[in-house]
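Okay, so here's the structure we're looking at.
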Amino acid sequence: MREDFLFVEKYRPKTIDECILPDNLKNIFTTLKTKGEIINLLLTGPAGTGKTTVAKALCEELGCTYIVINGSSDNGVDMVRDQITTFASSMSTDGKTKVVILDEADYLSPNAQASLRNLIETFSKNCRFIFTCNFKNKIIPPIHSRCSVVDFTFDGDELRSMQVQITKRLFQILDNEEIKYSKEACLELVKKFSPDNRKIINEVQKYANINGEVDVGLFNVIDSAKIQSLVGFMSKGDFKSCRQFIAENPSPDTIFAELYDNIAELVHPESIPTLILILGEYQSRAPLVANQEINLAAFCVECMKSIKWRN
């Protein structure tokens, strides 16, 4: 599917006011916008919470020239030297501050991060840096100290506020796309995947493409039916089928969440603690591995060896 057909891109907020944020974070970025200032920022928190969207919206509203570099694909010293140095060393045509948005900066190699700490100071007169990451502990301390850190991890009240906002946005998207929907189904989806707003919107589009509408029955059966098939393969030691399942369902977050949410129905009581430990281990590995399919395959093999399934 072309990017312009993706709801998450088509309806990406263009301003800070449109961003789905709790009040305290919205106030921080609104203040920066009002002052007309941009500072070095480290935006950290779970996936899909709006870090990159906020960074882009802030640059757009301040009229900054900016580039976005994805640390998960361009993560070496050569990237720092070639792309960032070339961009940051020249003045913008209108004299405004330039900005480098380093998305998924926790994937940057240690050497690349070490190079960046010097560039932040070298080009401080005309360029700012905004880092986004899921795991701030993977960002070296010298970068922390050169940035204002904004945490996109939310407490209970903030999470409820965001759930209200994303639900309203979801209704607006579906109304605009003329897709029939059940409000109950949307509420369940928000509850399940919050605070990952990107995943919520992507899942709605995927389900709508499959079924032509968004209804309760679809949400009740799709993930649970899939996970039941994976459990069946693991319980039989059928690695070939597990591998095929992984190729067709490569999202570790969904697989791990479904297994955890349904653990009592899927696993004998004596195996529950073991499965929780295995889930925790492989979930922590997921952001670090080069190949998610191999990591999920290893997860399935360990479950085959260690877990007693109910079916």
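Counting in full-length UniProt numbering, the sequence shown runs from 1 upward without gaps. Cβ atoms here follow ideal geometry from the backbone N, Cα and C, with glycine treated the same way.
(1) Whole angstroms are fine: how far does the CA of residue 237 sit from the CA of residue 297?
(2) Quick check on the burial criterion: 16 or more other C-beta atoms within 10 angstroms. Buried or exposed for residue 78?
(3) Could you work out which residue in 40, 44, 166 and 54 is closest to residue 27 when comparing CA atoms only?
(4) On the DSSP bridge assignment, give the partners of residue 128 in chain order.
(5) Have a look at residue 123 and residue 97 and give me their C-alpha separation to the nearest angstrom.
(6) The ligand GDP and residue 17: does any heavy atom of the ligand fall closer than 7 angstroms to the residue's C-beta?
(7) Ignore the nearest five residues each way along the sequence and tell me which others in residue 167's own chain have a CB closer than 7 angstroms to its CB.
(8) Can you pull the DSSP bridge partners for residue 150?
(9) Less than 8 angstroms between the beta carbons of residue 112 and residue 80, yes or no?
(10) Do the CB positions of residue 57 and residue 15 come within less than 8 angstroms of each other?
(11) Between 155, 121 and 132, which lies nearest to residue 24 when the distance is taken from Cα to Cα?
(12) Any idea what DSSP makes of residue 11, helix, strand or coil?
(13) Rounding to the nearest angstrom, what Cα-Cα distance links residue 102 and residue 83 in this structure?
(14) Within a Cβ cutoff of 8 angstroms, which residues of the same chain sit near residue 171, ignoring the five residues on either side of it in sequence?
(15) Do you know how far the Cα of residue 273 is from the Cα of residue 234?
(16) How many whole angstroms separate the CB atoms of residue 48 and residue 285, which I take to be in contact at a CB cut-off of 8 angstroms?
(17) Give me the Cβ distance between residue 21 and residue 50, rounded to the nearest whole Å; I'm assuming they're in contact under 8 angstroms.
(18) Provide the residue(s) that pair with residue 214 in DSSP beta bridges, ordered along the chain.
(19) Consult DSSP for residue 300 and reduce its assignment to one of helix, strand or coil.
(20) Quick one: give me the first and last residue of the alpha helix (DSSP H) that residue 85 is part of.
(21) What is the DSSP secondary structure of residue 242, counted as helix, strand or coil?
(22) Just curious, the beta strand (DSSP E) that residue 107 is in, first and last residue?
(23) Would you call residue 128 buried or exposed, if buried means 16 or more other Cβ atoms sit within 10 Å of its Cβ?
Quick look at the numbers:
(1) The residue you call residue 297 lines up with position 297 of the sequence shown. The residue you call residue 237 lines up with position 237 of the sequence shown. Those two C-alpha atoms are separated by around 12 angstroms.
(2) By one-based count along the sequence shown, residue 78 stands at place 78. The residue in question, residue 78, is exposed, as its Cβ has fewer than 16 Cβ neighbours within 10 Å.
(3) In the sequence shown, counting from the first residue as 1, residue 27 sits at position 27. Closest by alpha carbon: 54.
(4) Within the sequence shown, residue 128 is the residue found at index 128, counting from 1. Answer is 99.
(5) On the sequence shown, position 123 is the one that residue 123 refers to. On the sequence shown, position 97 is the one that residue 97 refers to. Rounded to whole angstroms, the gap between the alpha carbons of residue 123 and residue 97 is 10 angstroms.
(6) In the structure shown, the ligand GDP is absent, as is every other ligand, since no ligand is present at all.
(7) In the sequence shown, counting from the first residue as 1, residue 167 sits at position 167. So the list reads 186, 187 and 190, once near-sequence residues are dropped.
(8) Start at 1 with the first residue of the sequence shown, and residue 150 comes out as number 150. BP columns for residue 150 point to 43.
(9) As a position in the sequence shown, residue 112 is number 112, starting the count at 1. As a position in the sequence shown, residue 80 is number 80, starting the count at 1. Against a cut-off of 8 angstroms, the Cβ pair of residue 80 and residue 112 comes out as a contact.
(10) Walking along the sequence shown from the start, residue 57 turns up at place 57. Walking along the sequence shown from the start, residue 15 turns up at place 15. Closer than 8 angstroms, so yes.
(11) Within the sequence shown, numbered from 1, the residue matching residue 24 stands at position 24. Nearest Cα to residue 24 within the set 155, 121 and 132: 155.
(12) Taking the sequence shown and counting its residues from 1, one reaches residue 11 at position 11. Correct three-state label for residue 11: coil.
(13) Within the sequence shown, the letter at position 102 stands for residue 102. Within the sequence shown, the letter at position 83 stands for residue 83. When rounded, the distance between both Cα atoms is 11 angstroms.
(14) Position 171 of the sequence shown, counting from 1, holds the residue named residue 171. Closer than 8 angstroms at the Cβ level, and outside the excluded window around residue 171, lie 181, 183 and 186.
(15) What you label residue 234 is simply residue 234 of the sequence shown in a count that begins at 1. What you label residue 273 is simply residue 273 of the sequence shown in a count that begins at 1. Distance between the alpha carbons of residue 234 and residue 273 is about 18 angstroms.
(16) Here residue 48 refers to the residue found at position 48 of the sequence shown. Here residue 285 refers to the residue found at position 285 of the sequence shown. That pair is no contact at about 20 angstroms.
(17) Residue 21 sits at position 21 when you count from the first residue of the sequence shown. Residue 50 sits at position 50 when you count from the first residue of the sequence shown. Cβ-Cβ separation between residue 21 and residue 50: approximately 6 angstroms, consistent with a contact (criterion under 8 angstroms).
(18) For this step, residue 214 is matched to residue 214 along the sequence shown. Note: residue 214 is bridge-paired with 181 in the DSSP secondary-structure output.
(19) Here residue 300 is taken as the residue at index 300 of the sequence shown, counted from 1. Correct three-state label for residue 300: helix.
(20) Walking along the sequence shown from the start, residue 85 turns up at place 85. Looking at the DSSP string, the run of the alpha helix (DSSP H) that includes residue 85 is 85 to 88.
(21) As a first step, residue 242 must be located in the sequence shown, where it is residue number 242. Here residue 242 carries a helix assignment [DSSP, helix/strand/coil].
(22) Mapped onto the sequence shown, residue 107 falls at position 107. Segment: none, residue 107 is in no beta strand (DSSP E) and carries neither H nor E.
(23) Counting from 1 along the sequence shown, the entry for residue 128 is found at position 128. Result: buried.
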